[in-house]
Structure formats: structure tokens, C-alpha cells
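Enquirer:
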């Protein structure tokens with residue numbers, strides 16, 4: 001019983017340390033297909049458009065969705081949604097993204 005109470009206290013303290021708008025978890029893009037090549041972390045706290053070197057795949061282990069664009073500056077009508085708790089290989093090299 002004491003172990004459970006201690007665990008709950010630790011979880012409660014950790015939840016107060018997070019900003020209210022920050023998505024929990026982590027996400028990353030990779031230069032190659034199927035999560036291979038160079039890994040680039042995603043800043044889940046930043047909801048603005050971020051330009052990136054060309055990436056071909058990603059993994060999203062967070063509560064947020066990530067819109068992945070095939071053009072710079074999050075422009076264009078064609079994009080890939082890397083949903084919460086998903087991974088994927090993009091059909092084209094991605095050049096920008098936005099966390100939502």
C-alpha cells in the first residue's frame with residue numbers, strides 16, 4: 001500500500017511540472033524510410049511551423065498529432081498526418097511540420 005501511495009505522489013508531482021499545453025511523450029523524424037537513417041527529435045511544445053531537412057519517416061509516441069508537409073513553411077494542400085501513437089513512412093520527402 002505504501003508503494004502505491006508513493007507512486008501516486010510521484011506521478012502527481014510530475015504532472016504539475018509540465019506546462020498545460022505541452023504534449024506528453026516524444027516524437028522524431030528520420031532521414032530514411034521505416035525509421036532508419038539520421039534521427040531528428042520533434043519539439044512537441046512548439047505549435048508553430050518548423051522547416052526541416054528532408055525526412056522520409058517518423059514516429060509519434062505522444063498525445064499530439066503532427067501535420068507533415070512536403071513543402072517548406074507548412075504550405076501546400078498535400079500533407080501527411082502522423083497521428084498520436086503512430087509511425088509512418090512518407091510517400092515523399094517532408095520539408096516542414098506543425099504539432100497540433
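In the UniProt record's numbering, the protein residues as written are 1 to 100. Every residue gets a Cβ at the ideal spot worked out from N, C-alpha and C, and that includes glycine.
1. Can residue 60 and residue 86 be called in contact, C-beta distance under 8 Å?
2. On the three-state DSSP scale, how would you describe residue 73?
3. First and last residue of the beta strand (DSSP E) that includes residue 88?
4. State buried or exposed for residue 62, treating a residue as buried only when at least 16 other CB atoms are found within 10 Å of its CB.
5. Let me make sure I understand the geometry here. Which of 41, 72 and 27 has the alpha-carbon closest to that of residue 49?
Expert: From the atom records:
1. yes
2. helix
3. 86–99
4. buried
5. 72
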